[in-house]
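Numbers 1 to 139, taken from UniProt numbering, label the letters of the sequence shown in order. Yeah, the Cβ is synthetic: ideal placement off N, Cα and C, and Gly gets one too. The next block holds one structure in the form of structure tokens; read it before the comments.
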Amino acid sequence: MTTDPPTTPDPATWRYPDVEDLLHIAERLGTPAVRDFGLIDSAAHRPAATVFGEDAYPDLATKAVALLSSIARNHALVDGNKRLAWSATRVLVRLNGFDLVPPSTDAAYDLVIAAATGEADVETLAPTLSQWLVPMPES
Numbered sequence: 001m002t003t004d005p006p007t008t009p010d011p012a013t014w015r016y017p018d019v020e021d022l023l024h025i026a027e028r029l030g031t032p033a034v035r036d037f038g039l040i041d042s043a044a045h046r047p048a049a050t051v052f053g054e055d056a057y058p059d060l061a062t063k064a065v066a067l068l069s070s071i072a073r074n075h076a077l078v079d080g081n082k083r084l085a086w087s088a089t090r091v092l093v094r095l096n097g098f099d100l101v102p103p104s105t106d107a108a109y110d111l112v113i114a115a116a117t118g119e120a121d122v123e124t125l126a127p128t129l130s131q132w133l134v135p136m137p138e139s
């Protein structure tokens, strides 16, 4: 009997990209013009949000989609919000020991567009993203 690899790191060791990381990613993407720093800050903190002492986003997939959705929908940058959203999501996943491997570029695009347009919410998109999580080899 085989078991699926875990898709949730130990909550005590969660790691998140911060505002500086998001700005660095945007710069690397060639889209650093920020329209609203408050929206970048809000997006950076959303995956770590708690409600009554409990994680609002209890697993890696929901945390990742919360970040993706916040960046893609809030339009904190003048341009490149969806590119930043996808790249920052990959960084969050990798910081926590996983890689993000969608079945195709089209599937990844569809997920980002669904988040950006509000067509689907975090709870709807998280199961799809969860299927794309692959543990990174330990070094």
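Could you pull out every residue in the same chain whose Cβ sits closer than 7 Å to the Cβ of residue i, ignoring the five residues on either side in sequence?
| i | result |
| --- | --- |
| residue 15 | 95, 96 |
| residue 101 | 132, 134 |
| residue 46 | 66, 67, 70 |
| residue 4 | Legend: pLDDT at residue 4 = 48, less than 50; position of this residue unreliable, value from coordinates given subsequently. Contacts found: none. |
I need the boundaries of the beta strand (DSSP E) containing residue i, first residue and last residue.
| i | result |
| --- | --- |
| residue 99 | 98-100 |
| residue 133 | 133-135 |
Within the same chain, show all residues whose beta-carbon is closer than 8 Å to that of residue i, passing over the 5 residues directly before and after it, in chain order.
| i | result |
| --- | --- |
| residue 25 | 17, 84, 87, 88, 91 |
| residue 123 | 62 |
Taking its Cβ as the centre, do 16 or more other Cβ atoms sit within 10 Å of residue i, making it buried, or is it exposed?
| i | result |
| --- | --- |
| residue 1 | Only weak support is given to the placement of residue 1: the predicted model assigns it a pLDDT of 41, under 50, and the value that follows is read from those uncertain coordinates. It is exposed - the Cβ of residue 1 has fewer than 16 other Cβ atoms within 10 Å. |
| residue 78 | exposed |
| residue 13 | exposed |
| residue 51 | exposed |
| residue 57 | buried |
| residue 98 | buried |
| residue 72 | buried |
| residue 43 | buried |
What first and last residue would you give for the alpha helix (DSSP H) that runs through residue i?
| i | result |
| --- | --- |
| residue 15 | Taken as a continuous stretch (DSSP letters only), residue 15 belongs to no alpha helix (DSSP H), as it is neither H nor E. |
| residue 61 | 60-74 |
For residue i, collect the residues of the same chain with a Cβ closer than 6 Å to its Cβ; drop the 5 residues on either side in sequence, then sort them by chain order.
| i | result |
| --- | --- |
| residue 40 | 19, 22, 76 |
| residue 31 | 77, 79, 80 |
| residue 36 | 76 |
Are the Cβ atoms of residue i and residue j separated by less than 8 Å?
| i | j | result |
| --- | --- | --- |
| residue 82 | residue 112 | yes |
| residue 125 | residue 114 | yes |
| residue 49 | residue 129 | no |
| residue 103 | residue 55 | no |
Pick out the complete alpha helix (DSSP H) segments inside the region 88-127, 4 residues or longer, and give them in chain order.
-> Here the runs fully enclosed are 105-117.
Going along the chain, which unbroken runs of the alpha helix (DSSP H) with 4 or more residues stay wholly within the region 23-49?
-> 37-45
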